[in-house]
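Enquirer: Under my numbering, the first residue of the sequence shown carries the number 12, and numbering increases by one thereafter.
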Amino acid sequence: MLDNPFRPGFGSWPPAFVGREGDELLFREGLSNGPGGRYHRSLVTGPRGVGKTVLLAAFRDIAESEGYVTVAVDANDGMIRRICRDLRIVEAALDEDPTWRVTSVRAGPSFGHIDFSRHADRAVVDDDPMVALKPLLERVEKAVVERGGAGVVLTVDELHAAKSAELERLGNDLQHLQAVVFAGAALPTVDDHIFKAAGATFFSRLARFPLLPLSVTESLSAIRPPFDDAGISYDELELTRTVDETKGYPYLVQLLGYEIWSRLQPGERITSNVLGPAFAAAREQSIFDVLAPTWRQLSPSSKRVLGVIAANGSGPMRVADARAQLDKSSSWFSVYRSRLIKAGVLESRGRGEVELSGGQRAAEWILSQLEDDNDD
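Structural data, given as structure tokens:
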């Protein structure tokens with residue numbers, strides 16, 4: 012077989028990027044409308060595996076094609092220092108060659124027209140990053156515009172992981188730098204974190220891109236092109252049924268495509284004998300890649316709620332039955348139900364029912380984790 016075209020890694024670009032065209036148009040609108048425009052500052056939200064990181068990358072590609080310099084970081088510990096480092100790399104490169112004109116470039120090693128690796132040693136932030144951030148953003152944005160560029164776009168992934176102090180600093184500084192375009196990405200539970208932070212005013216006003224799972228049609232459009240291009244035949248109905256089992260999560264769709272491709276022999280047709288094992292393997296991998304990291308961040312009460320629902324099996328469970336087993340009020344359960352739905356591990360199924368997102372395998376995994384916790 013040819014090299015596997017599917018790349019099921021978080022942030023990896025899929026063979027076909029579908030279902031987010033409207034979000035891309037709105038981001039372009041934010042760039043064209045400038046400061047004060049609704050999508051000039053925005054936040055992409057959704058559970059793990061729904062494509063937040065890829066959409067941020069698409070935003071950067073759009074911005075770079077419009078002449079912006081982009082800086083991209085994750086929001087874990089040291090977020091402000093990494094932003095300052097990349098800004099200093101851009102600044103050092105601009106200082107060295109006064110004739111250089113901005114066209115299309117991303118801050119990072121060896122991108123575009125600047126060999127950024129040459130300037131890495133000069134990019135060490137000696138000053139306190141919390142103090143250096145605002146003047147650095149101002150200087151770099153001004154320098155980029157003076158060189159013919161459109162400005163600076165800053166993207167921050169995993170914003171829910173930011174430390175409160177860094178979140179406050181970033182929000183306060185960006186609030187006073189209207190020309191800098193900002194796009195973040197976070198789990199839906201970020202509201203519980205951001206709105207408690209001192210710098211919440213800036214983030215609470217961000218335009219939202221709430222990412223929903225893909226439709227079955229969109230999921231098929233994401234998975235079929237590589238097989239069609241390679242002349243690999245398949246039963247449309249069987250493939251549709253299997254793709255439907257992914258429930259539209261782009262990461263699981265990519266995992267499924269990867270597993271199907273890796274199981275095919277030259278000249279072989281995609282049949283149920285391939286699709287069944289491929290989906291089982293993809294779902295198993297998604298448990299470790301998506302459910303496991305989410306589980307580690309859940310509170311004991313959230314885990315307890317999931318444990319009761321997992322013990323019910325893979326099908327829907329009545330909310331009244333779950334509450335009765337937990338011996339909790341309706342208001343208490345509603346809080347945790349909402350949090351778990353936002354985290355992408357629980358789904359609403361009809362009136363008064365809930366269901367685990369990962370089906371039977373997720374239920375088994377959750378019960379095994381609770382058993383291990385009890386053994387410790």
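Glycine included, every Cβ here is placed at the ideal spot set by N, Cα and C.
Taking Pro16 as the reference, which of Arg92, Lys339, Ile100, Asp239 has the closest Cα?
Expert: Of the candidates Arg92, Lys339, Ile100, Asp239, the one whose C-alpha sits nearest the C-alpha of Pro16 is Asp239.
Enquirer: What does DSSP give as the partner residue(s) for Val84 in the beta ladder?
Expert: Answer is Val167.
Enquirer: What is the rounded straight-line gap between the Cα of Leu286 and the Cα of Gly324?
Expert: Going by the C-alpha atoms only, they are around 24 Å apart.
Enquirer: How far does the beta strand (DSSP E) with Ala218 in it extend, from its first residue to its last?
Expert: Unbroken beta strand (DSSP E) run through Ala218: 218 to 221.
Enquirer: Would you mind reading off the limits of the beta strand (DSSP E) that contains Ser53?
Expert: First-last of the beta strand (DSSP E) with Ser53: 52 to 56.
Enquirer: In whole angstroms, what separates the C-alpha of His124 from that of Pro221?
Expert: Legend: pLDDT at His124 = 47, less than 50; position of this residue unreliable, value from coordinates given subsequently. If I take the Cα positions, the gap works out to 34 Å.
Enquirer: Around the C-beta of Leu144, are 16 or more other C-beta atoms found within 10 angstroms, so that it is buried, or is it exposed?
Expert: Buried, by the Cβ-count rule.
Enquirer: Below 8 Å, how does it come out for the region 169 to 179 and the region 80 to 88: are there three or more Cβ pairs, yes or no?
Expert: Touching, yes, given that three or more Cβ pairs across the two stretches are closer than 8 Å.
Enquirer: Skipping 5 residues on each side, what residues in its chain have a beta carbon closer than 7 Å to that of Arg3?
Expert: The question about residue 3 has no answer, for the chain in this structure spans 12 to 387.
Enquirer: Since Val164 contacts Tyr269 with CB under 8 Å, what's their CB separation in whole angstroms?
Expert: Not confirmed; about 31 Å, so no contact.
Enquirer: According to the Cβ coordinates, are Ile91 and Leu181 closer than 8 Å?
Expert: Cβ distance < 8 Å, so Ile91 and Leu181 count as in contact.
Enquirer: Along the chain, where does the beta strand (DSSP E) that runs through Ser359 open and close?
Expert: First-last of the beta strand (DSSP E) with Ser359: 357 to 359.
Enquirer: Take Val264 as the anchor and find which of Glu375, Ile94, Asp332, Val227 has the nearest alpha-carbon.
Expert: Val264 has its Cα closest to that of Val227, out of Glu375, Ile94, Asp332, Val227.
Enquirer: Determine which residues share a DSSP beta bridge with Tyr79 and list them.
Expert: According to DSSP, which records beta bridges pairwise, Tyr79 is partnered with Gly162.
Enquirer: So, helix, strand or coil for Arg329, using DSSP?
Expert: Of the three classes helix, strand and coil, the one that applies to Arg329 here is strand, per DSSP.
Enquirer: I need the DSSP call for Gly33, collapsed to helix, strand or coil.
Expert: Note: Gly33 maps to helix in three-state DSSP.
Enquirer: Between the region 306 to 319 and the region 338 to 356, are three or more C-beta pairs nearer than 8 Å?
Expert: Output reads yes: the region 338 to 356 touches the region 306 to 319.
Enquirer: Put Ala354 into one of helix, strand or coil per three-state DSSP.
Expert: Coil at Ala354, not helix or strand.
Enquirer: Quick one: using the 10 Å Cβ neighbour count with 16 as the cut-off for buried, is Phe466 buried or exposed?
Expert: Any question about residue 466 goes unanswered here, given that the chain covers just 12 to 387.
Enquirer: Measuring only the C-alpha atoms, how far is Gly41 from Gln308?
Expert: In a straight line, the C-alpha of Gly41 is about 33 Å away from that of Gln308.
Enquirer: Just verifying my parser: in three-state terms, what is the DSSP assignment at Ala373?
Expert: In this structure, Ala373 counts as helix in the three-state DSSP scheme.
Enquirer: The alpha helix (DSSP H) with Phe214 in it runs from where to where?
Expert: Segment 211 to 215, the alpha helix (DSSP H) holding Phe214.
Enquirer: Does the distance from the C-beta atom of Ala194 to that of Leu67 stay below 8 Å?
Expert: A contact, by the Cβ cut-off of 8 Å.
Enquirer: Ordered along the chain, which non-local residues of its own chain (more than five positions away) have a Cβ less than 8 Å from that of Leu367?
Expert: Answer for Leu367: Leu317, Ile320, Ala321, Ser325, Val356, Leu357, Glu358, Ala373, Ala374, Ile377, listed in chain order.
Enquirer: Between Ala134 and Ile298, what straight-line distance do the alpha-carbon atoms span, to the nearest angstrom?
Expert: Summary for Ala134: the model assigns pLDDT 49, below 50, so the residue's position carries little reliability; its value from the coordinates is reported in the next sentence. Ala134 and Ile298: Cα-Cα distance of roughly 39 Å.
Enquirer: Leaving out five residues on either side along the sequence, give the residues of the same chain with a beta carbon under 7 Å from the beta carbon of Asn44.
Expert: If we look at Asn44 and ignore the five residues flanking it on each side, its Cβ neighbours are His51.
Enquirer: At which residues does the alpha helix (DSSP H) containing Glu366 begin and terminate?
Expert: Unbroken run through Glu366 is the beta strand (DSSP E), 364 to 367; no alpha helix (DSSP H).
Enquirer: According to DSSP, simplified to helix, strand and coil, what is Ala134?
Expert: The predicted model places Ala134 with a pLDDT of 49, which falls under 50 and marks its position as unreliable, so this point remains unresolved.
Enquirer: Would you list the residues sitting across from Gly89 in a DSSP beta bridge?
Expert: Paired residues: none, contrary to the question.
Enquirer: Taking its Cβ as the centre, do 16 or more other Cβ atoms sit within 10 Å of Pro120, making it buried, or is it exposed?
Expert: Caution applies to Pro120, whose pLDDT of 41 falls short of 50 and renders its modelled position unreliable; the model cannot decide the point.
Enquirer: Given that a residue counts as buried once 16 or more other Cβ atoms are within 10 Å of its Cβ, and exposed if not, what is Arg216?
Expert: That one is exposed.
Enquirer: Does the distance from the C-beta atom of Arg99 to that of Gly159 stay below 8 Å?
Expert: For Arg99 and Gly159, no; Cβs fall outside 8 Å.
Enquirer: Among residues of its own chain, excluding the 5 on either side of Asp72, which ones have a beta-carbon nearer than 6 Å to its beta-carbon?
Expert: Excluding residues within five positions, none has a Cβ falling inside 6 Å.
Enquirer: Return the first residue and the last residue of the alpha helix (DSSP H) that Ala190 is part of.
Expert: Premise fails: Ala190 is in no alpha helix (DSSP H) and is neither H nor E.
Enquirer: Do Val254 and Ser230 have their CB atoms nearer than 8 Å?
Expert: In contact: Val254 and Ser230 (Cβ atoms closer than 8 Å).
Enquirer: For the alpha helix (DSSP H) that Tyr260 lies in, which residues bound it at each end?
Expert: No alpha helix (DSSP H) holds Tyr260; DSSP gives it neither H nor E.
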